[in-house]
Amino acid sequence: MRCPFCRGAESRVLDSRTADDGLAIRRRRECQGCGKRFTTSEMAILSVVKRSGASEPFSRAKVISGVRKACQGRPVSDDDLALLAERVEDAVRASGASEVPAQEVGVAILGPLRDLDEVAYLRFASVYRSFETLEDFESEIALLRSEADIARLRAEDDLDTPPVHSASSEPTLPTTT
Ligand SMILES: [Zn+2]
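Using this note's numbering, the letters of the sequence shown map in sequence onto residues -12 to 164.
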């Protein structure tokens, strides 16, 4: 790594520490040529490969800008979006590959976005999975509805059994053992 001041090639490491929750290592260096100090950061590269074949580093900001439009007018805060981007990054990193297709990043967005806001999810999915007909929307909505129904029925089942908690608390799913 060349010195940013004199472009000298030799530097001495003064200090090394992890940063960004262990995702990066920062090194404080001193140039052997001019004596000035600078910092380098080392991070495992997670590349996103676009359909064109070009690749770029994974970016949470890109994930957020990708879903922001779908969230317009919806009760979704910047904190919600930051958390969503974090979940997406975790999912993508968990795949264990250092290069992931952009398509896979999109798929990783769908789940967390659906948990966040169903309307935003439908908007995003319609573009992302290129819904072409009303039927595409209908089947996706039917799926969301049936899952919501199952959750509601489970909650109602719960109410038939003697309540162990106050009626105002959140319905809980029956535990399966
Ligand atoms: Zn230098």
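All C-beta atoms in this analysis are idealised placements derived from N, C-alpha and C, irrespective of residue type, glycine included.
In terms of Cβ geometry, Val35 and Glu43 form a close pair [threshold 7 Å]. In summary, Ile128 is exposed, with fewer than 16 beta-carbon neighbours lying within 10 Å of its beta-carbon over all protein chains present. Burial is judged here by how many other beta carbons sit within 10 angstroms of a residue's own beta carbon; Cys(-10) has at least 16 and is buried.
In the DSSP assignment, Pro44 falls within the beta strand (DSSP E) that extends over Ser42 to Pro44.
Taking each of Glu86, Phe111 and Gly83 in turn and checking the Cα distance to Ile96, the smallest one comes out for Phe111. In the DSSP annotation of this structure, the continuous segment of the alpha helix (DSSP H) that includes Ala95 starts and ends at Ala89 to Leu103. For Phe25, the Cβ stays outside the 6 Å cut-off from all heavy atoms of ligand 1. Of all alpha-carbon atoms in Asp65, Gly60 and Arg38, the one lying nearest the alpha-carbon of Ala48 is that of Asp65. Listed as beta-bridge partners of Val114 by DSSP are no residues whatsoever. According to DSSP, Ser(-2) shares a beta bridge with Cys18. In this structure, the CA atom of Ala11 is about 27 Å from the CA atom of Arg55. Near ligand 1, meaning a Cβ closer than 5 Å to any of its heavy atoms, lie the following residues in chain order: Cys(-10), Phe(-8), Cys(-7), Gly(-5), Cys18, Gly20 and Cys21. Phe25 has Arg16 as its beta-bridge partners, per DSSP.
In the DSSP assignment, Val54 falls within the unbroken alpha helix (DSSP H) covering Arg47 to Arg55.
DSSP places Arg80 in the helix class (H, G or I) of the three-state scheme.
For the set Ala69, Arg61 and Gly(-5), the Cα lying nearest the Cα of Cys21 is the one of Gly(-5).
When DSSP states are grouped into helix, strand and coil, Ala135 belongs to the helix group.
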